[in-house]
DNA sequence: TATGAATGAGCCTTCATTCAT
DNA sequence: TATGAATGAAGGCTCATTCAT
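Chains as they are written, first to last, in UniProt numbering: chain A, 1 to 171; chain B, 1 to 171; chain C, 1 to 171; chain D, 1 to 171.
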């Protein structure tokens with residue numbers, strides 16, 4: 001792949017992330033192309049289908065999240081990651097609309113990272129030992145989605161997370 | 001012919017509920033008409049706009065939920081309602097996509113019903129006294145949304161709810 | 001035909017005349033029914049086709065004009081009629097949109113009335129003898145149409161008619 | 001591919017001019033596409049709205065008329081232009097239906113051209129000095145519209161114009 | 001005869017995808 | 001490889017007309 005092709009791919013992904021984050025997955029591919037500064041044909045050359053483009057975004061997003069998680073750790077790592085994720089507005093709408101796009105591998109790696117945070121938190125005694133990775137992931141996704149719905153101001157967000165954290169906490 | 005019209009209205013709402021529950025709000029009005037067994041024009045006669053149709057469904061759905069909630073009560077009412085809601089597949093996708101359709105009144109009534117359940121649970125000592133209605137609603141919505149995303153089998157659903165309930169529980 | 005049927009027919013025609021005069025022939029038949037205070041089915045019972053309704057309106061309109069013309073006469077009858085017609089806003093849009101609806105008989109009778117006015121004017125020496133009925137009718141229609149187009153204020157209307165009248169005038 | 005696009009744009013305008021001239025502005029955009037030999041999407045790529053297409057036609061039409069008028073002049077320029085315009089069947093229905101589409105600039109330029117013809121005719125003594133541009137424009141539009149209505153054969157057209165010209169003539 | 005709900009063809013418009021340049 | 005014009009299948013919606021009540 002030529003250097004400029006590589007550069008275009010990146011631009012397209014960036015543009016797509018922004019466009020879909022703002023307008024949802026229903027936004028048109030043309031708008032992505034426009035923001036990326038390329039022609040529509042170029043988008044389809046790199047991502048033969050709109051779904052491919054969505055999947056690529058999600059994959060990259062998940063990879064970043066996994067990387068982010070990997071940088072954390074210790075007793076509060078899980079809580080920090082959880083909170084941070086819920087705060088990221090951009091990442092959020094994505095997750096909602098991308099339902100159906102399957103990128104099991106990337107999700108798997110994110111799951112691994114979260115699992116590691118969970119392990120450390122349990123080791124440090126911050127989180128109950130009988131909580132498993134699947135339910136933590138489920139809660140993570142749930143609260144992110146929920147945050148998208150209504151007018152969660154910071155206070156509500158904090159109180160909602162507090163309940164979840166209390167549920168996870170060791171007695 | 002008032003009777004026919006009434007019957008058709010009901011059929012259309014039922015069909016719409018099913019179609020949108022399965023395919024999301026992006027599903028076509030034509031498909032609703034087909035499932036309802038009426039012509040497309042009939043759908044638009046009853047609901048002049050697709051958004052009107054969506055709003056009508058949501059309104060009815062919320063009314064049912066509120067009614068459902070009103071029938072519960074006691075120490076475990078909130079938990080029962082919470083669990084039941086998460087189980088209802090049909091109701092779920094709806095909530096995701098219907099965001100933006102404003103039916104404040106209906107939502108308000110649902111909130112009231114949930115608030116009442118919360119009050120009773122707190123009175124019975126099942127739920128912490130420092131938890132407010134807003135965060136309970138937020139958790140409700142969140143977990144419903146989350147349940148839509150992945151392959152939540154019954155076990156995962158139960159374990160996820162268990163964490164939330166633990167978070168709500170009085171010590 | 002029953003008395004109430006007769007009455008409905010009249011109401012429908014009146015409503016249609018008003019609706020089509022204001023919104024043009026593209027206005028919906030439903031709106032006519034609404035204004036007439038009858039159900040849509042009743043409109044179609046009296047006028048099996050929208051075109052039939054339009055034709056009926058035009059016919060009645062032309063009949064009235066002919067009657068109007070018949071009441072005039074003398075040296076200035078033609079000029080008076082001509083001017084009056086151009087002033088009638090309601091009658092105008094009609095004529096534009098009703099193109100294609102053929103009501104030769106009614107037009108014929110109007111033509112007769114205008115012809116008579118022309119004859120009298122020529123006899124009185126107000127109008128040149130070598131002008132025929134067809135061109136007078138053509139001018140009548142033309143100026144009515146023209147008046148529909150732009151912002152003909154009264155002054156412009158008068159000056160435009162003045163040119164036409166000068167063209168018709170005996171030297 | 002600029003060339004193709006340009007060619008298509010032209011084809012579409014030509015097709016639209018013909019279709020709308022024959023069937024009126026109510027004709028479907030699909031028919032325009034069919035006659036132009038392009039897909040419906042292509043029409044909408046060039047003219048995002050039906051109204052845009054209508055406006056474009058009218059604009060081009062008026063530009064041609066203005067250009068045509070600019071090529072004339074002298075004592076009979078106005079009469080020639082007037083007659084020619086009335087003869088153009090294609091141009092005519094357009095003007096009827098396109099009312100409401102605002103292309104003031106183009107209309108303005110046409111008015112200028114006609115004004116110039118009028119000035120020259122008055123200078124040459126062919127037309128009365130007390131006739132203004134507005135009423136000439138009004139007559140122009142009127143007779144064009146009128147010509148659209150009925151069965152104006154050539155003779156009737158000539159005789160009708162003769163009256164108008166007599167009205168304009170200096171004594 | 002009146003009512004008004006139902007029908008369904010047809011319209012304008014959007015957008016993912018293809019393909020000639 | 002990039003461009004961007006062309007394609008054409010839907011989709012939402014309107015409205016003349018029919019028909020059961």
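Beta carbons: idealized from backbone N, C-alpha and C, even for Gly.
The structure presented is a predicted model; accordingly, all values stated were derived computationally and were not measured.
At a cut-off of 8 Å between C-beta atoms, residue 164 of chain D counts as an interface residue with respect to chain C. By DSSP's assignment, residue 25 of chain B forms no beta bridge with any residue. Here residue 126 of chain B really is in contact with residue 76 of chain B; their C-beta atoms are around 7 Å apart, less than 8 Å. For the region 18-34 of chain C, the set of positions with a beta-carbon nearer than 8 Å to some beta-carbon of chain D reads 26 in chain order. Taking all protein chains shown into account, residue 71 of chain D has fewer than 16 neighbouring C-beta atoms within 10 Å of its C-beta and is therefore exposed.
In chain D, no part has a C-beta under 8 Å from the C-beta of residue 133 of chain C; the shortest such distance is about 11 Å.
Taking residue 128 of chain A as reference, the option from B:163, B:144 and B:117 with the minimal CA-CA separation is B:163. Within chain C, no C-beta atom comes nearer than 7 Å to that of residue 85 of chain D; the closest sits roughly 13 Å away. Take residue 151 of chain C, set aside five residues on each side of it, and no residue of its chain has a beta-carbon closer than 7 Å to its own. Under the Cβ criterion (8 Å, minimum of three pairs), the region 35-54 of chain D does not count as touching the region 77-87 of chain D.
Against residue 38 of chain B, chain A offers no close residue; the least beta-carbon distance is about 27 Å (beta-carbon pairs closer than 7 Å). By the Cβ test, the region 129-139 of chain C is in contact with the region 108-119 of chain C, since at least three Cβ pairs between them sit closer than 8 Å.
In the same chain as residue 23 of chain D, and ignoring 5 residues on each side of it, the C-beta atoms closer than 8 Å to its own belong to 31, in chain order. Cβ contact annotation for residue 146 of chain B (same chain, cutoff 8 Å, sequence separation greater than five): 152 and 160, in chain order. The beta carbon of residue 13 of chain A lies closer than 7 Å to those of 56, 57 and 60 in the same chain, with the five residues before and after it left out. Under DSSP, residue 127 of chain C takes part in a beta bridge, and its partners are C:169. For residue 49 of chain A, the three-state secondary structure derived from DSSP is coil. Per the coordinates, the alpha-carbon of residue 165 of chain B lies some 16 Å from the alpha-carbon of residue 154 of chain B. Listed along chain C is no residue with a C-beta nearer than 9 Å to that of residue 113 of chain D; the closest approach is about 17 Å.
Contacts between residue 146 of chain A and chain B, judged by CB atoms closer than 9 Å, involve 138, 139, 140, 141, 142, 143, 144, 145 and 146 in chain order. The beta carbon of residue 42 of chain B sits no closer than 8 Å to any beta carbon of chain A.
Cβ neighbours of residue 122 of chain B within its own chain (closer than 6 Å, five residues either side excluded): 129.
One alpha carbon belongs to residue 21 of chain C, the other to residue 113 of chain C, and they sit about 24 Å apart.
Taking 8 Å as the threshold, the shortest C-beta distance from residue 160 of chain B to chain A falls below it. Annotation for residue 2 of chain C: no alpha helix (DSSP H) segment contains it, and DSSP assigns it neither H nor E. The beta-carbon of residue 125 of chain D is placed no less than 8 Å from the nearest beta-carbon of chain C. Minimum Cα-Cα distance from residue 87 of chain C among the listed residues C:63, C:141, C:42 and C:73 corresponds to C:141.
Classified as buried, residue 17 of chain B has 16 or more neighbouring CB atoms from the shown chains inside 10 Å of its CB.
Taking all protein chains in view, the Cβ of residue 26 of chain B is surrounded by fewer than 16 other Cβ atoms within 10 Å, so the residue is classified as exposed. Within a 10 Å sphere around the beta-carbon of residue 10 of chain C sit fewer than 16 other beta-carbons, which makes this residue exposed.
Annotation: residue 118 of chain A has no Cβ neighbours in chain B at a cutoff of 7 Å; minimum Cβ distance is about 12 Å. By the beta-carbon neighbour count (other beta carbons within 10 angstroms, threshold 16), residue 64 of chain B is exposed. Counting every other CB atom within 10 Å of its CB across the protein chains shown gives residue 132 of chain D a total below 16, marking it as exposed. Closer than 8 Å to the CB of residue 156 of chain B there is at least one CB belonging to chain A.
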